[in-house]
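Colleague: Shown below is the structure under consideration.
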Amino acid sequence: MKSLWKAYHAKVVHLSALFLTLLFSLVSLVSCNNQPEPLYTSINLGIPAAALQSPVKGNLPDSTELHIGITFKIDPRLLHQADQQRPQPGQPSKPPGLGIDNGLYQKMKGFFQGIDLRLSKLRTYGSFQAQAGTLARLLQTKFVIHQYKGRTFYAPATPPKVPTDFAQTIDAMTGLDNYSLHPKHDLHLTSPPASQVSRNGALDCRQASQTLTLGDVAGAYGYNQLWQRGVHGEKMTINLVEIDGSYQDDIQNYLGCINFKGHLSFVNVDGHPSNAEGESTLDIQMAAGLAPAASIKVYQTDGNADNDTWTQVNDELQHIIDDNTANANAGSVVSISLGIDEADITSDDVRALDSSLQQLTRVEHMTVFVASGDCGAYADETFGDLSVSYPATDPWAVAVGGTTLSVDGHSNRADEVAWSHFPNIFKCKNSWGTGGGNSSLFHRSDWQNANGVTNKYSKNERQVPDVSAVADNLAVYFQGAW
7 MKSLWKAYHA KVVHLSALFL TLLFSLVSLV SCNNQPEPLY TSINLGIPAA ALQSPVKGNL
67 PDSTELHIGI TFKIDPRLLH QADQQRPQPG QPSKPPGLGI DNGLYQKMKG FFQGIDLRLS
127 KLRTYGSFQA QAGTLARLLQ TKFVIHQYKG RTFYAPATPP KVPTDFAQTI DAMTGLDNYS
187 LHPKHDLHLT SPPASQVSRN GALDCRQASQ TLTLGDVAGA YGYNQLWQRG VHGEKMTINL
247 VEIDGSYQDD IQNYLGCINF KGHLSFVNVD GHPSNAEGES TLDIQMAAGL APAASIKVYQ
307 TDGNADNDTW TQVNDELQHI IDDNTANANA GSVVSISLGI DEADITSDDV RALDSSLQQL
367 TRVEHMTVFV ASGDCGAYAD ETFGDLSVSY PATDPWAVAV GGTTLSVDGH SNRADEVAWS
427 HFPNIFKCKN SWGTGGGNSS LFHRSDWQNA NGVTNKYSKN ERQVPDVSAV ADNLAVYFQG
487 AW
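Written out as structure tokens, the structure is:
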């Protein structure tokens with residue numbers, strides 16, 4: 007009887023344990039099924055409301071490849087700290103805690119399943135490539151094509167949504183639309199007379215007699231004094247941001263004529279340029295001419311792609327940051343000869359570019375020069391409609407205007423005035439003169455509060471250009487001729 011009772015008791019204990027196991031399993035399943043749905047937050051892409059309300063022509067094909075950039079918010083205190091830190095040449099320039107942590111990165115990778123999300127070295131920027139159909143599903147929207155002001159653009163039909171826990175860290179999300187107009191080259195070159203075109207493989211160094219020579223420009227701005235002291239750009243890197251290819255024969259002829267001793271290299275970003283339009287060729291020659299021992303690094307992308315070209319330009323800036331993060335002060339300067347009037351670029355593109363410009367200047371301690379445009383006071387190419395060019399108006403860039411320079415027989419400056427031509431008011435074609443005016447996006451920075459800038463026209467707005475230099479009648483070798 008006693009043994010029977012023990013057996014019965016053991017069976018009860020076993021059944022109780024089994025019951026509790028099943029109970030806990032069921033409770034766990036119920037609790038899993040009752041977990042709250044993740045919260046999502048809509049992302050504002052900064053497209054004007056009037057554009058979003060314009061007629062829809064149709065859907066963007068799901069197979070369309072989109073290149074997306076995500077700019078993360080940066081603690082202003084960390085940027086200020088980086089700004090005050092003296093760069094140590096050759097040492098890393100990344101302040102602790104500047105970018106997102108690994109936990110957030112893993113959450114984002116989990117959300118963008120199957121997508122190769124790549125972080126910048128500072129962890130302040132991420133980018134990836136995905137098809138429109140995949141992104142529409144993830145972001146709970148669809149992509150449509152709008153007809154607006156004589157052109158088309160694609161954009162999400164409803165604001166894209168991402169999980170709230172990392173939406174709060176996003177400063178800008180670009181590439182989901184192509185509302186922003188393509189960048190414009192700041193270039194005004196005319197084809198030379200056929201008699202000046204080189205027809206053989208030998209160097210052609212016969213510059214046109216009416217153009218300004220390198221010696222003229224060097225004498226006017228004091229470069230000749232640096233040359234006499236043996237300073238020709240040694241240990242300096244000039245980073246050029248381009249959206250077109252270059253004419254290699256023209257470049258090699260020019261470099262041969264000036265006895266270039268530096269290093270010229272090219273970096274393709276998001277693919278290679280589909281054509282050469284002259285701007286890259288001009289930029290390389292102007293940089294090499296005055297700094298013939300410098301390293302010139304040309305970051306180039308395809309400016310004719312159908313997506314948001316400004317996302318590609320921002321990728322170029324991020325590539326420059328990456329290339330210099332582990333080697334502070336190696337980049338020296340950045341030159342951008344691109345722009346668009348402020349009304350034709352989304353606020354998301356502006357925030358993304360502004361963040362990269364801040365990182366270049368405040369973290370990497372470089373100086374970024376941006377051309378102010380070639381359409382006078384009318385960057386939108388509508389004569390009489392006052393507008394200025396971005397990113398020249400960004401307060402973290404040095405906006406550069408153009409002048410017409412005259413020199414005497416000893417290459418000393420005789421006269422210099424703002425470059426301006428009597429315009430054909432129906433089309434700019436980079437011929438109305440140096441760009442300038444008041445920004446509609448940025449207030450005047452403290453550093454621009456000075457005599458001459460403070461006037462009845464300034465209205466406490468950012469004014470451009472900041473500096474100017476000769477932009478007209480320069481000796482360049484273009485399409486086989488001076």
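When we follow the working numbering, the leftmost residue of the sequence shown carries the number 7, and every step to the right adds one.
Just so you know, even glycine gets a beta-carbon here, dropped at the ideal spot from N, CA and C.
In this structure, does DSSP put residue 152 in helix, strand or coil?
Modeller: DSSP places residue 152 in strand when its eight states are reduced to three.
Colleague: Taking all protein chains shown into account, do 16 or more other C-beta atoms lie within 10 angstroms of the C-beta of residue 491, making it buried, or fewer, making it exposed?
Modeller: Past the edges of the chain, shown from 7 to 488, lies residue 491, and the structure says nothing about it.
Colleague: Determine the DSSP secondary structure at residue 282, reduced to helix, strand or coil.
Modeller: Here residue 282 sits in strand by DSSP.
Colleague: Alpha carbon to alpha carbon, how far is residue 253 from residue 108? Give it in angstroms, no decimals.
Modeller: So the two alpha carbons sit approximately 43 Å from each other.
Colleague: Does residue 318 come out as helix, strand or coil in the three-state DSSP assignment?
Modeller: DSSP places residue 318 in helix when its eight states are reduced to three.
Colleague: Below 8 Å, how does it come out for the segment 337-351 and the segment 382-400: are there three or more Cβ pairs, yes or no?
Modeller: They touch, by the three-pair rule.
Colleague: Identify the residues that DSSP records as bridge partners of residue 419: which are they?
Modeller: DSSP, once it has assigned bridges, lists 413 as partnering residue 419.
Colleague: For residue 369 and residue 480, I'd like the C-alpha separation in whole angstroms.
Modeller: For residue 369 and residue 480, the distance between alpha carbons rounds to 35 Å.
Colleague: Please classify residue 356: does DSSP put it in a helix, a strand, or coil?
Modeller: The answer is helix: DSSP assigns residue 356 an H, G or I state.
Colleague: Could you name each continuous beta strand (DSSP E) segment of 3 residues or more that falls completely within the segment 432-486, going from the start of the chain to the end?
Modeller: The qualifying runs are 443-449, 467-470, 473-476.
Colleague: Rounded to a whole number of angstroms, what is the C-alpha to C-alpha distance between residue 210 and residue 218?
Modeller: Cα to Cα, the separation comes out at about 17 Å.
Colleague: Kindly give me the distance between the Cβ atoms of residue 354 and residue 51, rounded to whole angstroms, as I take these residues to be in contact under 8 Å.
Modeller: Indeed they touch by this definition, with Cβ atoms about 5 Å apart.
Colleague: By the 10 Å Cβ neighbour count, where 16 or more other Cβ atoms means buried, how is residue 88 classified, buried or exposed?
Modeller: Buried is the call here.
Colleague: Within its chain, find whatever has a CB closer than 8 Å to the CB of residue 325; leave out the 5 residues flanking it on each side and keep chain order.
Modeller: Excluding positions up to five away in sequence, the list reads 273, 275, 305.
Colleague: Can you tell me whether residue 471 is buried or exposed? The criterion is at least 16 other CB atoms within 10 Å of its CB, across all chains shown.
Modeller: When all chains shown are included, residue 471 counts as buried.
Colleague: Can you name the start and end residues of the beta strand (DSSP E) that residue 372 belongs to?
Modeller: It is not in any beta strand (DSSP E) - residue 372 carries neither H nor E in the DSSP assignment.
Colleague: Taking the continuous beta strand (DSSP E) assigned at residue 247, which residues delimit it?
Modeller: Taken as a continuous stretch (DSSP letters only), the beta strand (DSSP E) holding residue 247 covers 243-248.
Colleague: Reducing DSSP to helix, strand and coil, say where residue 367 ends up.
Modeller: Three-state DSSP puts residue 367 in a helix.
Colleague: Across which residues does DSSP place residue 381 in a beta bridge pair?
Modeller: Note: residue 381 sits in a beta bridge opposite 439.
Colleague: Evaluate residue 259 with the Cβ neighbour count: other Cβ atoms within 10 Å of its Cβ, from every protein chain shown; 16 or more gives buried, anything less gives exposed.
Modeller: Buried: at least 16 other Cβ atoms inside 10 Å.
Colleague: Smallest Cα separation from residue 262: which of 298, 378, 412?
Modeller: The shortest C-alpha separation from residue 262 is found at 298.
Colleague: Would you mind stating whether residue 224 and residue 250 have Cβ atoms separated by less than 8 Å?
Modeller: Contact: no.
Colleague: Can you tell me the Cα-Cα spacing of residue 380 and residue 386, whole angstroms?
Modeller: So the two alpha carbons sit approximately 11 Å from each other.
Colleague: Run through the DSSP bridge pairs and tell me what residue 180 is partnered with.
Modeller: DSSP lists 75 as partners of residue 180.
Colleague: Would you mind stating whether residue 185 and residue 149 have Cβ atoms separated by less than 8 Å?
Modeller: Result no, Cβ atoms of residue 185 and residue 149 do not sit closer than 8 Å.
Colleague: Please state whether the Cβ-Cβ distance between residue 69 and residue 120 is less than 8 Å.
Modeller: No, the pair does not count as a contact, with Cβ atoms beyond the cut-off.
Colleague: Quick one: is residue 431 buried, meaning 16 or more other Cβ sit within 10 Å of its Cβ, or exposed?
Modeller: By the 10 Å Cβ count, residue 431 comes out exposed.
Colleague: Among 111, 62, 94, 72, whose alpha-carbon lies nearest the alpha-carbon of residue 78?
Modeller: The residue with the shortest Cα to Cα distance from residue 78 is 111.
Colleague: Grab me the residues of residue 383's own chain with a C-beta within less than 7 Å of its C-beta, minus the 5 sequence neighbours each way, in chain order.
Modeller: Contacts found: 392, 442, 443.
Colleague: Going by DSSP in three states, residue 131 sits in which element: helix, strand or coil?
Modeller: Note: residue 131 maps to strand in three-state DSSP.
Colleague: Mind checking which residues open and close the alpha helix (DSSP H) that includes residue 62?
Modeller: No alpha helix (DSSP H) holds residue 62; the beta strand (DSSP E) holding it covers 62-65.
Colleague: Between the C-alpha atoms of residue 301 and residue 448, what's the straight-line distance to the nearest angstrom?
Modeller: The alpha-carbon atoms of residue 301 and residue 448 are separated by roughly 33 Å.
Colleague: Determine whether the beta carbon atoms of residue 117 and residue 169 lie at a separation below 8 Å.
Modeller: Going by C-beta atoms, residue 117 is nearer than 8 Å to residue 169.
Colleague: Give the secondary structure of residue 488 by DSSP, where H, G and I count as helix, E and B as strand, and everything else as coil.
Modeller: Coil.
Colleague: On the three-state DSSP scale, how would you describe residue 112?
Modeller: It is helical.
Colleague: Measure from the alpha carbon of residue 104 to the alpha carbon of each residue in 190, 331, 245, then state which is nearest.
Modeller: Comparing Cα positions, the closest option is 331.
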